[in-house]
Structures are given as C-alpha cells and as structure tokens.
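Peer 1: Each residue of the sequence shown is one higher than the one before, counting from 7 in this note's numbering.
Virtual Cβ for every residue (Gly too), placed ideally from N, Cα, C.
None of the values given here were measured: they were computed from a predicted structure.
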Amino acid sequence: MMCQTLKPNLTTYDTHGIRSLDTMASVTSGTTTQINATLPVYSIDQIADYLTVGFWQDNNMSQRSFDVQTGDTLTVDLRALGTVAETTALRALDAWTAVSGLKFVQGSSADIVFSSANSGAYNSSTTMGTRIIESRVNISDSWQGYGDYYLQTFIHEIGHALGLGHSGMYNGSASFASDAHFANDSWQTTVMSYFDQNENPNTNATRLFLASAQLGDIAAIQKLYGAPTSVATGDSIYGDSANTGQWGMELGTNWSVAIVDNGGTDVINLTSRTHNQMLDLRAETYSNINGRTGNLSIGRNTVIENATTGSGHDYIFGNDAGNRISSGAGNDTILGNGGDDVLIGGQGSDILSGGVGADRFVYAALDEAGDTVTDFSLAQSDRIDLRDLLTSIGYTGTDAVADGIVALVATSGGSYLSVDSDGAGSGSAVQVAFLSGVAATSSVYDIIDASGAPTGPGTGPIPNGSVDTNYTISNTTMTTWSRDGGFIIDTDGGTDVLDLSLVTYAATIDLNSGVTGRIGSNKLIIDAGTIIENLILGSKNDRGTGNGSDNLIYGMGGNDRLYGMAGNDALIGGTGIDMLYGGDGDDILQGDDGNDRLYGGTGNDTLAGGAGNDQMRGEAGDDQMDGGARNDTLYGQDGDDTIAGGDGNDIVYGDLGDDDLRGNDGRDRLFGREGNDSLDGGADDDILDGGDGDNTVDGGSGNDKITTRSGSDIISGGDGNDRVGAGDGNDMIDGGTGDDYLDGDGGADGILGGDGNDKIFGDAGNDVISGGNGNDYIQAGRDNDLVSGDAGNDNIYGDSGDDTILGGSGNDYLKGDAGDDQIDGGADNDKIYAESGNDTVAGGEGDDYIAGGSGDDLVDGGAGTDRIYADSGNDTVSGGDGADYIKGGAGEDQIDGGAGTDRIYAETGHDTVTGGDGDDYISGATGDDVLSGDAGNDRVYGDSGDDLLDGGAGDDILNAGSGNDRLIGGMGADMLLGGSGADVFVFNTLDDAGDTISDMKLRQGDMIEVSNMLDDFGFSVSAAIAQGIVGLEAITSRDSWLMFDTDGLGANDPVELAYLQGIAATTELTEAWLI
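1. Can at least three beta-carbon pairs, one atom from the region 133 to 149 and one from the region 196 to 208, be found at a separation below 8 Å?
2. When we look at the beta-carbon of alanine 95 and count the other beta-carbons within 10 Å, is it buried (16 or more) or exposed?
3. Quick check on alanine 264: does DSSP put it in helix, strand or coil?
4. Sorted by chain position, which residues of the same chain lie with C-beta nearer than 7 Å to serine 480's C-beta, five sequence neighbours on each side aside?
5. How is the alpha helix (DSSP H) around glutamine 228 delimited, first residue to last?
6. Here's the rule: buried if 16 or more other CB atoms are within 10 angstroms of the residue's CB, otherwise exposed. What is isoleucine 811?
7. Please name the residue, chosen from Asp745, Gly752, Gly726, that lies closest to methionine 738 on a Cα-to-Cα basis.
8. Would you decide whether asparagine 124 is buried or exposed? Buried here means 16 or more other CB atoms lie within 10 Å of its CB.
9. Have a look at isoleucine 1 and glycine 642 and give me their C-alpha separation to the nearest angstrom.
10. Starting from the Cα of threonine 314, find the closest Cα among Thr291, Leu276, Asn301 and give me that residue.
11. If you draw a straight line from the C-alpha of glutamate 1039 to the C-alpha of methionine 1006, how long is it?
12. Quick check on the burial criterion: 16 or more other C-beta atoms within 10 angstroms. Buried or exposed for isoleucine 1081?
13. Please work out which residues of its chain come closer than 7 Å, Cβ to Cβ, to serine 1046, disregarding the five sequence neighbours upstream and downstream, and give them in chain order.
14. Quick check: the Cα distance between alanine 602 and valine 436, rounded to an integer number of angstroms?
15. With C-beta atoms as the reference, is glutamate 92 less than 8 Å away from leucine 99?
16. With three or more beta-carbon pairs closer than 8 Å as the criterion, would you say the region 73 to 84 touches the region 105 to 116?
17. Counting only the same chain and skipping the five closest in sequence on each side, list residues whose C-beta sits under 6 Å from that of isoleucine 139.
18. Among Thr846, Val847, Gly544, whose alpha-carbon lies nearest the alpha-carbon of leucine 504?
19. What would DSSP say about leucine 401, mapped onto helix, strand or coil?
20. Does the distance between the C-beta of aspartate 749 and the nearest non-hydrogen atom of the ligand MG fall short of 7 Å?
21. Nearest by alpha-carbon distance to alanine 889: which of Ala364, Tyr155, Asp926, Arg623 is it?
22. Where in the region 249 to 332 do unbroken runs of the beta strand (DSSP E), each at least 3 residues long, occur, reported from the N-terminal end onward?
23. Would the region 172 to 191 and the region 249 to 268 be scored as touching if the rule is three or more Cβ pairs under 8 Å?
24. First and last residue of the alpha helix (DSSP H) that includes glutamate 92?
25. In terms of alpha-carbon separation, which member of Ala617, Thr271, Arg298, Ala219 lies closest to threonine 212?
26. To which residues of the same chain is aspartate 516 closer than 7 Å at the C-beta, ignoring the five residues directly before and after it?
27. Assuming aspartate 1018 is part of the alpha helix (DSSP H), what are its boundary residues?
28. I'd like the list of long-range same chain contacts for glutamine 40, defined as Cβ closer than 6 Å, with 5 residues on each side in sequence excluded.
29. Distance, Cα to Cα, isoleucine 649 vs glycine 615?
30. Helix or strand or just coil, what does DSSP make of alanine 413?
31. Counting only the same chain and skipping the five closest in sequence on each side, list residues whose C-beta sits under 7 Å from that of serine 387.
32. Could you pull the start and end residues of the beta strand (DSSP E) that tyrosine 947 belongs to?
33. So alanine 238 and asparagine 268 are in contact, right, with Cβ under 8 Å, and what is the actual spacing, rounded?
34. Run through DSSP, which three-state label would glutamate 374 get?
35. Flag this pair as touching only if the region 229 to 237 and the region 181 to 196 have three or more C-beta atom pairs under 8 Å; answer yes or no.
36. Taking only three categories from DSSP, how would you classify glutamine 1033?
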C-alpha cells in the first residue's frame, strides 16, 4: 500500500494510492448487520460529490480534472510496463472508457504515464488550480501476486489520475470504525473505497474484487467528463456470449461489475447458469447472480431491454422499456414493470406480472404451462401468445377457440386458460396459465390475440407492376399474407424499390435473391432471380442488406443496421443510432441524425456522419469522410483518405496511406499514423499526431498539441499557445503567434518560434532555429546548430556541437555549452556563457555579460559597458566601446579593452593586455604579462611574473608587483612602481619624460633604460654620463630628478626625465643602473 502525505501548493503535485491487500483482514462472506445509525447513508449522487469535491476540500485542496470535453481522448504512456501490467492497464482503461465520456490512446507526451519502477501502488498528479496537467500511475509488479485485486488496483489508481479522491478522508491505511465517512462506504458502491464488502458491517454483499467502476464512480466520473456516447451503442450481450469486449462483462463468479450501456437492444444472458438469480434491470440497482449477493449493478441512464436466465428459481425485475424477459426452467417470478413487455416463463410454475403497458405472455410448449399471471388486464391490451404452442401440438385449424382447443375455465379468484393436449380436441385440458382477476365470461378472442391460430394457407406473391416497380408494404398489407409470408417476384428488370416506410414493426430485409426477411413476426421472401435495387425501411430498429447491384438503402427512423455489400451503394441512416456498412464498391454512407457508426469497406467511399456523435471507418480505398456536427471519431484506414471532423470535438485517424485530415471547429484530435499526411486542426485547442511519413501539419487557431514521428515534416502551430514535438526527420516548424513549445527532436530541423514567448528545443541534428518576436527559451540540442533569438529577451542554450547563436535585439541569455560556438548577443544587455570549446563571442550593442568558459575563445564585447570573463584557455578578448570589466582567466590571453574606462584582470597565464582609450584599470596577476594602458589615465598592475607594463599616453600608474619587470610610462606624468625584483623603467622617447619612479631600489637591481631615447639625440649612455648630458638633481635629501640635457651643450633647459624617490642626488650615476 502506498499513499503519500498531501502537499497543497499553487501548483500541486500530490500522491494517492490504494491499500495493500496484505493490510486487509481475512474475512468470510455472508455476514449481515444493521446500518450504523451514527453514520449517514449516502445516495449515489452524494458519493459522487464526495469523490469529486468533498475529499479534496477535506484535504484543503481543490477538485481537479483534465481540461477536456465530453468525448475527448487522453494520451497514455504504457511503455514502461511489462506484458502482464500493460494488458491489465488496458483493461482498466477500458473500464473507465465504458462509464465516462473519455477515450484513451497510447503515445508519447502523455497525459497519464504508467510505471512499475517503485514499490506500492499510487498516483501522483501535477495540477494548476482545478486543472490536471499530468498524472503518473505507479503499480509495482509485485502486486501481480494479489491475483484479481491487481486489476482493481489499476482501476482505482486511474480513478485518482482522472481526478477522483477516496470515499473517505484516508490515504494509506484505514479502518471502517474510525475512518468511514458514510455508512455505505465499501467496494460495493465505489472502487475508490478502502473497505471491501465485508469490512463494512452495514452491507450483506459478497466479498468480490471489482472488474469495473461502481455506481458511485460512474456518477462521479460523469460529473467530471460527461457520459459515454460512443461506447456500447449497439446490441450488447452481457453474460453468456458477451460481445462488448470489456473485461468482466461475461458476468463470471469472481467479479463484481456495473454495466453502463448507451443504445441498441441489449440483453443480460444467464441461460447457462443454474443458480437462483435475482436480476434487476432498473438503473442504479443491485442484483444477486451466480449465487453471490449484490455483485451486479446497472449504471444510471442505462437501459437493458432483455434478459434470459437459466434453470434456477429466478426473480427478475424489468424496467420501463419494452422488455423481453425469459426465465428458463425453474419456478420463477418475473415483474415486467413499465413498458410493453414480452414475458416468457419457460418450464416450471412461474409467477408473471407485466406491470403497466400492453404486455404479452408467450408459451411455446405444453411443458411451459402452470403459470400464474397476477395482473392480466384486457384494458391495457395484455395478451397470451399461444401460436407456437398450438403449432407444437399439431393444431392446423384456423380458429382454436371455435374448435374447442383453447378455453377459459372459471376458478376461484380468476380463470384458467386451458389448451387441449393433442390439438385435435380429444386430449386432456392443460391449464396453461391462471389469470388472476379475469372472469370466465371474458372473450377468449380478446385474451389470445385474434383467433390464436397459426396463419392460414398462402395467398400468393406480391404482384409486380411496371419495369420500375415500387413495392410498398404496410401493416394492412401484411394481414393478407399467408403463414409462409409475402413473396416478391420481379423478373422484368428495371430499378425497383421495396418501401417499408409505413410499417410500424422492426424489419430485417436482405435484398439478395432467395433470402427470407422478417417484418415483425411476418416473413418476406425475395424470390430467386428477383433483383430489388433500393430499400426504404420504417421507424423501428431495422436491418437492411443490399445485393450485388448499386443499392440505395434508407433507414428512416430507428436504430438501423444497413449493409451495402457489393456494388456502388448509397446508405442513409436517417434518425436514430445507425450502423452502416458499405461493403465492396464505391459507396456513399450518410448517417444523418443520431450517434451513428459508418464502415466504408473496400472501394473509394464517401462517408458523412451528419448530426450526432458518430464513429466512421473508411477501411480500404481512397475515402472521403465528413463527421458533421457533434463529437465524432473517424478512421481512414487503408488508402489516401480525405477526412474532415466537422463541428464538435472530433477524433480523426488517417492510418495507412497519404491522408488529408481536417479537424475544423472544436477541440479535435488528429492522428495521421503511416503515410505522408496533411493535418489541419482548424479552430480551438487541438491535438495533432502526424505519425510516420513526411507530413504537413497545421494546428490552426487555438492552443494545439502537435506530434510527428519519423519523416521530414512541415509543421505550423498557427495562432495560440501550441506544443510541438516533431520526432525524427528533417522538419520545418513554424510556431506562429502565441507562446509555443517547439521540439525538433532528431534530424536537421528548421524551427521558427514566431510571435510570442516560445520554448524551442532543437535536440539532435544540425538545426536552424529562429525565436522570432517575444521572450523565447531556446535549447539547440546536440550537433551543429544555427540559432537566432531575434527580438525579445531570449534564453538560448547551444548544448553540444559547434553552434552559431545570435541573440538579436533584447536582453538575452546565451549559453554555448560544449563545442566551438559562434555567439553574437546583438542589441541590448545580454548575458553570454560560451562554456567549453574554442568559441567566438560578440556581445554587440548594450551592456553585456560574457563568460568564455574553457577553450581558446575570441570575445568582442562590442558597444556598451560589458563584463567579460574569458575563463580558462588562450583567449583573445576585445572589450569594445564602453566602460568594460574584463577577466582573462587562466591561459595566455590577449585582451584589448577598447574605448572607455575599462577594468581588466588578466589573471593567470602569460597575457597580453591593451587598455585602449579611456582611464583603464589593468591587473596582470600571475604569469609574464604584457600590459599596455594605451590612451587615458590608466592604472596598470603587473602582480607576480616578469611583466612588461606600458602606460601609453596619459597620466598612468604602473605597479609591476613581484618579478623582474619592464615599465614604460609613455606619454604623460606617470607613477611607476617596480615592486620586488630587478625592474627596468624604460624611457624610449623624450615624450616619456615627467614620470615618477616611487620605489627605485638599486640593491634589487632596478635600472632605468634611456638608450633608445639617447640614440635619437646621437648619444650613448656612457657618453651621456661622462659628458654630464644626464645627471641627478636634488629635490630633497632622499629624492632627485633624473635630468637630460637635450643638446649636450647646456643651451636648452634640461628635461626632467624622472622623479626618483629614494635616490639621492649624491648617488653615483653609472651604467650599472642607467642603461
């Protein structure tokens, strides 16, 4: 069992789980106790309210659900699961699809991600307000040891993933006595409960695991996502020969299940069962089947029309529909309730009550006699149907009452309806049914439908008219037919129509020659060799089948099934929930109103769903499909299909072939799958998955989610905040307007963010990326990418590879990462991190921050007040215009501060630094550096190492620090400090005169170099000393000026070359220190 502590935040990431089976008490079934009077008994709606709202409020959190519409699809990721876990997860997802307005498809970028990596079973959801962003379900493979509880665990955790809480304020462990919130909190009412049917002392239901959501869950999930509209819409069978495909609907002995059905004529079939069944067809009720208690329920708004039970003594409740209930052998009780019911007691002494409506009690053989009908009403047009029974005893007459075969016999409290046992009037009278309250004076003809005899001999074929014949059949027409039915013989060709639009009975018609059809209980035979091209059905639930001709079949009203078969057919469903099968040929299928299903079959078909939540499959051929209004699901399948979802929230699958898919209005989901497909989401928030192939995808307006896979795709997000994952291949992506999320994935992609604050990921491949207008986040990915942020304050990451990154206008954050990158910040104030590799960086205009990272980088700060950190490597740095701050870092760097008042730190390595124009600050740090201040009043510090310091023009301060340094003050009144070591102060020209040497230490070996300057005047150093051309002039007792007589004759005023602090005028001037 795994349930974590809740953590409420603005964006919440919370965890909920289910109890481990090991923590539950070992209990036996069959215990019945009274409801605990201290707890309220919740209605189904109250349970639903607690699951969707109350639980979250009790935990100081808001209710939550995915932001989808009724009928929408969520994507699930099952890739991390093993075979057993994946199969179980799919069964659990089917269980939720069966009861909610949701569908699930597998894919990446999923809404719900499944895992078995961690211990226990729990769901974690990330939410923003009331919206679920993502859910993650973890169920350890060790839970497979719990047997059937493993499936129930998946159903429970998916319930959390969709937004349901527990049915009490518990999470991790619980006991009914201390934690139950309401008296009927158990598995019988909700799969979200922690208490099995016997842990709750207030229920007498049998302890069984759950194969479906229960009544409380059904109401809850439909509060969040609506009711299903396209699941179980046909003629469903539950129990024996189940056909829904949903796990557990065979109604076995080991499960408790709830049925939700959405159309068709359905049946619960328990024919093979021998237990005494208590079956209730009414919605939100419980039944006892297979010898268990409370193990079957019917969901709200579900109508099950028919039921069949087996050999036990059964108790069956009908609902308000027209039920057909057959109880098989055994002494059974059937209550039809509302509707025009058909009740068949079968063998045994049965008690039958039709309830409100015109009910029919059917007998097929004498061994079914002996029943009691408790509410037979002539006023409600109740009838006893003896036709099959009379046939079974050999009666061949036309009036069984007049012939004395059927009679009404008076008895206490009513009358017996009796039948002569041999059908000839000479046998014993068998009491078929006791009719409570029916007087013996009543007309038997009113009780048994007309004469109660089988229909008489044949009356011949339905005549054909002209070449193009319209065969119109009505209820009145069929009264003239023989017991063998009506016949159509048409041998004169033409285009013929069989018109049943006036018939009020359900019809099953096959236009193939020689096939027997049915209209109500009547047969209709199309003779061999007769070809009828067109068929118009009536208002009931009809079935029409075409032949090899080009047929037109019109379903009109009712829930019809139409089959075109061979030929180029036109099938029109009309009103109702119809199923249309085109078959072979180029067919036209039109669903019209209702939630229809259309199947094109082979050929180039045209399918139109019309109004309603339709499902359509083009199947083989190049098909054209239009879903029409409402929420449709369309599958193109084989061929190059053109599919439009129409209005509503549609799901469209192209499948095989080069398909053209259009969502139109509504929140659509489009899946191209294989082939070179074109997808257009249209208006609203769509999900588009191009699949494999070279696809063209346009999200249209709205906040779209676009995914493609292998192939070179062209993708346009359009208006709105779109999310694009392009997959492998060389893709072209345009995010359009809006704040988009664009992922190129593998391949050499071209990505344009467009207007808006976009997030762009190039991933693998040599990508070309442009952020467009807006504050974009771009991660180029590995390989060699070209990235432009364009306008806006962008964040760009180059990742590995030799990338070119252009920030464009705006205050950008640019990071090259690994590789030899070229980075240009462009206009405005940028932050640039070149990272590893030999990078070329230009800050551009604006006050930029640049970090070169490791590698031999070339950095240009450009205009603006920049901060540059060259970091390790032999870097070349230019500060450009502006008052820059530059650090060279480790390595032998070349640094030029450029114009402006710069601060430059060469740091470790043998660096070369030029300050450029402006009053610069230069620090050499360790290494033998060459430091030049250039123009401006500069401060230059050599630090350790044998440095060369050149102040250049301006009044500079040069401090060489430790080491044997050379100091050139240059033009201007400079302050020179040699520091420790044997330093040389250099005066190359007379323009260098006027400097102050503040720490001239002859004992350290300091020297003054004037040879180049003297050479300009034709003097050597030795001659200048000897002739007094250079000399010392006292300033104080300790300091002196080094003087220079420029003409050597004393005719010119001597020039003060250098103010020597600490060198007295009495110091001997020798070539040992003046060189």
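Peer 2: On the basis of the data shown:
1. no
2. buried
3. strand
4. Leu508, Val509
5. 221 to 231
6. buried
7. Gly752
8. exposed
9. Look at the range of the chain in this structure, 7 to 1081, and you will see that residue 1 is not part of it.
10. Leu276
11. 15 Å
12. exposed
13. Leu1038, Glu1039, Ala1040, Leu1066, Ile1069, Ala1070, Ala1071
14. The sequence given here has aspartate at residue 602, not alanine. Near 49 Å, if we compare the C-alpha coordinates of valine 436 and aspartate 602.
15. no
16. yes
17. Thr132
18. Gly544
19. Reading off the sequence shown, one finds tyrosine at residue 401, where the question assumed leucine. If DSSP states are grouped into helix, strand and coil, tyrosine 401 belongs with coil.
20. Among the components modelled here there is no ligand, and therefore nothing to report on the ligand MG.
21. Asp926
22. 261 to 265, 273 to 275, 284 to 286, 302 to 304, 312 to 314, 321 to 323, 330 to 332
23. no
24. 89 to 105
25. Arg298
26. Gly523, Thr551
27. One detail in the question is off: residue 1018 reads as asparagine in this sequence, not aspartate. Here the alpha helix (DSSP H) through asparagine 1018 covers 1017 to 1022.
28. Because the pLDDT of glutamine 40 is 39, which lies under 50, any placement of that residue in the model is unreliable, and the question is left without a value.
29. 11 Å
30. strand
31. Ala364
32. 945 to 947
33. 5 Å
34. helix
35. no
36. coil
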